[in-house]
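Colleague: The sequence shown begins at 24 in UniProt numbering and counts up one residue at a time. Quick reminder that beta carbons are idealized off the backbone N, C-alpha and C, glycines included. Have a look at the structure that comes next, please.
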Amino acid sequence: ASAAVRQRVAVLGATGSIGTNTLDVIARHPERFEVVALSAHRQLDALLSLCERFRPRWAIIDAVHAPALAHGLRARGLPTVALSGAEALTEVAAHPDVDTVMAAIVGAAGLAPCIAAARAGKRLLLANKEALVVGGEVFLQAVRLGGARLLPIDSEHSAIFQALPEDPATWPQRVEKIVLTASGGPFRTRDPATLATVTPQQACAHPNWVMGRKISVDSATMMNKALEVIEARYLFGFAPQQIEVVIHPQSVIHSMVQYRDGSVVAQLGTPDMRVPIAYGLSWPERMASGAEPLDFGRLGALTFEAPDASRFPCLFLAWEALAAPAGTTAVLNAANEVAVEAFLQGRLRFDRIYVVNRGTLEQCLPSKPQDLADLLALDAQARACAAQWVRRLQDA
Ligand code: NAD
Ligand code: MG
């Protein structure tokens, strides 16, 4: 491809685990991609070094660090323009000079830029699963109206996407169910009675993946898999009862599709997020990702077990939320973001993340969200309710 047809990519959440892996893949293919924008919440130094390396047109950071970012860019003699805040994220996500948006912000904070990119018809690479869990039908409608191409980056959803036939019109007739695999996280075999005393450091020590702290805690509670069940529901349109979860500790099979005839198609690979990232960036083509290929001679056994409801109660909230009125998945996500943050700050016991999530789900009943403003209001309302639960449990 010539320079004229390079994909112009905005990486939102560039300093995170997914952002870093995305830039690693992009750097392997300078003839295919041009980085036009990079964002970080407040990691000034990391963002500045990325700007030196990729020389984007825009760099975005929160308002507090914006002056220092502008100064740092000037001091380095870079052409990059410093922008700040949530409005800058949505403007860049919808800008006509951006072709592809990598949504790698963590949490509902990434919702507005995702919807902006969807409305503007971008190629939208979705790592930020919370945005879809919160946005639900409103998000999907923005994708339809804007003519955006939504491509999953979550490894399970990339696997499903790769194992499904190309034409979605054929799915209802052909597909029996989809099976999401889960590693089981760091506490898969730990005595459930000891989960009350787990520390943030223990919860973030994932056996197979190195990830941001929020998703690491979600993996330990299996709330991550609950979010992924909801994400799969919205991405692929299957009924909640057609979505199954199985624990597969080796994280080699990234997920599977079972067809009407009993045939199961799986996608395999080493646990390296550069594989689904490269697929999203190059789709429908394929390109090198930098990941080690599987070595079947050394792989050993692949094992499977059913998830246990007493050990992983958070997982089962997914089907409950999907059966409830629209907006309930946004409530569940907000509760979990508040609970995880409280846990990471030492204000909430690990085993009480579930209590906050369930309590908020039962207490905060949504009216059907129609647009982004409704979603943000619902998110705020659910956060307030969850914060009350955290305080109540602190005194308990
Ligand atoms: P991370 O914490 O490593 O990085 C998050 C990025 O978002 C950082 O660049 C940070 O500066 C930015 N950010 C955080 N809060 C923000 C805010 N309020 N406003 C603007 N920017 C903000 O997280 P991660 O592990 O890279 O995960 C990113 C997303 O991808 C999450 O939604 C996660 O669930 C999803 N995901 C991650 C992995 C993985 O392997 N890390 C796998 C699948 C899906
Ligand atoms: Mg995943």
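1) Using a strict less-than 6 Å threshold between each residue's beta carbon and the heavy atoms of the ligand MG, what residues do you get?
2) Report the three-state DSSP secondary structure of Gln290 (helix, strand or coil).
3) What residue does the beta strand (DSSP E) around Phe339 start on, and which one ends it?
4) Please list, in chain order, all residues of the same chain as Ala314 whose beta carbon is under 6 Å from its beta carbon, the five residues on each side excluded.
5) Residue range of the beta strand (DSSP E) that Phe56 falls in?
6) Cβ-heavy atom distance between Trp81 and the ligand NAD below 6 Å?
7) Is DSSP giving Val156 helix, strand or coil here?
8) Is the distance from the Cβ of Glu153 to the Cβ of Asn380 below 7 Å?
9) Near Val32, what residues of its chain come up, given a Cβ to Cβ distance below 6 Å and the 5 sequence neighbours on each side ignored?
10) Below 7 Å CB to CB, which residues in the same chain sit around Asn247 once its five sequence neighbours on both sides are set aside?
11) If you measure between the beta carbons of Glu75 and Arg97, is that distance less than 7 Å?
12) Is Ser278 near the ligand NAD, with its Cβ less than 6 Å from a heavy atom?
13) Within 10 Å of its beta-carbon, does Glu364 have 16 or more other beta-carbons around it, so buried, or fewer, so exposed?
14) Around the C-beta of Met310, are 16 or more other C-beta atoms found within 10 angstroms, so that it is buried, or is it exposed?
15) With a 10 Å radius around its C-beta and 16 neighbouring C-beta atoms as the bar for buried, classify Thr103 as buried or exposed.
16) Could you tell me the alpha carbon to alpha carbon distance between Gln196 and Ala262, rounded to whole angstroms?
17) Do the CB positions of Val354 and Ala301 come within less than 7 Å of each other?
18) Sorry if obvious, but does the Cβ on Met296 come closer than 6 Å to a heavy atom of the ligand NAD?
19) Residues bridged to Met125 by DSSP?
20) Can you tell me which of the three DSSP states Gln393 falls into?
21) Tell whether a beta-carbon distance below 7 Å holds between Pro175 and Leu258.
22) At a cut-off of 6 Å, is residue 424 close to the ligand NAD when judged by its beta-carbon and the heavy atoms of the ligand?
23) Can you grab the Cα-Cα spacing for the pair Ala24 / His52, in whole Å?
24) Less than 6 Å separating the Cβ of Ala60 from some heavy atom of the ligand NAD?
25) Would the beta-carbon of residue 424 be found less than 6 Å away from any heavy atom of the ligand NAD?
Modeller: Judging by the given coordinates:
1) Asp177, Ser178, Glu179, Glu251
2) In the sequence shown, the residue the question calls residue 290 occupies position 267. Strand.
3) The residue labelled residue 339 in the question sits at position 316 within the sequence shown. Premise fails: Phe339 is in no beta strand (DSSP E) and is neither H nor E.
4) Numbered from 1 along the sequence shown, position 291 holds the residue referred to as residue 314. Taken in chain order, the residues that qualify are Thr293, Asp295, Arg297, Val298.
5) Position 33 of the sequence shown, counted from the start, is the residue given in the question as residue 56. Taken as a continuous stretch (DSSP letters only), the beta strand (DSSP E) holding Phe56 covers 56–62.
6) As a working note, residue 81 is residue 58 in the sequence shown. No, the Cβ of Trp81 stays beyond 6 Å of every heavy atom of the ligand NAD.
7) Along the sequence shown, read from residue 1 onward, the residue named residue 156 stands at position 133. Looking at Val156 - three-state DSSP - the assignment turns out to be helix.
8) Counted from its first residue, the sequence shown places residue 153 at position 130. Counted from its first residue, the sequence shown places residue 380 at position 357. Going by C-beta atoms, Glu153 is not nearer than 7 Å to Asn380.
9) Sequence index remark: in the sequence shown, residue 32 carries index 9 (1-based). Excluding sequence neighbours, Val32 sits near Phe56, Val58, Thr123.
10) Here residue 247 refers to the residue found at position 224 when the sequence shown is read from its first residue. The residues are Ile238, Asp241.
11) As a position in the sequence shown, residue 75 is number 52, starting the count at 1. As a position in the sequence shown, residue 97 is number 74, starting the count at 1. No; because the gap between Cβ atoms is not below 7 Å, this pair is not in contact.
12) In the sequence shown, residue 278 corresponds to position 255, counting from 1. Answer for Ser278: no, Cβ out of range of the ligand NAD.
13) Taking the sequence shown and counting its residues from 1, one reaches residue 364 at position 341. Glu364 comes out buried.
14) For this step, residue 310 is matched to residue 287 along the sequence shown. Exposed is the call here.
15) For the purposes of this step, residue 103 is taken as the residue at position 80 of the sequence shown. Its Cβ being crowded by 16 or more others within 10 Å, Thr103 is buried.
16) Counted from its first residue, the sequence shown places residue 196 at position 173. Counted from its first residue, the sequence shown places residue 262 at position 239. Using only the alpha carbons, I get a separation of about 13 Å.
17) The sequence position of residue 354 within the sequence shown is 331, counting from 1. The sequence position of residue 301 within the sequence shown is 278, counting from 1. Result no, Cβ atoms of Val354 and Ala301 do not sit closer than 7 Å.
18) Here the question's residue 296 lines up with position 273 in the sequence shown. True, at least one ligand heavy atom lies under 6 Å from that Cβ.
19) As a position in the sequence shown, residue 125 is number 102, starting the count at 1. Val34, Leu148.
20) For this step, residue 393 is matched to residue 370 along the sequence shown. Note: Gln393 maps to coil in three-state DSSP.
21) On the sequence shown, residue 175 is found 152 positions in, with the first residue counted as 1. On the sequence shown, residue 258 is found 235 positions in, with the first residue counted as 1. Yes, the pair counts as a contact, with Cβ atoms nearer than the cut-off.
22) The structure shown has nothing for residue 424, since the chain only spans 24 to 419.
23) Counting from one through the sequence shown, the residue named residue 24 turns up at place 1. Counting from one through the sequence shown, the residue named residue 52 turns up at place 29. At Ala24 the pLDDT is 47, less than 50, meaning the model places this residue with poor confidence; the figure from the coordinates comes in the next sentence. Answer to the nearest angstrom: the Cα atoms are 11 Å apart.
24) What you label residue 60 is simply residue 37 of the sequence shown in a count that begins at 1. Outside the cutoff, so no.
25) A query on residue 424 cannot be resolved here, the shown segment of the chain reaching from 24 to 419 and no further.
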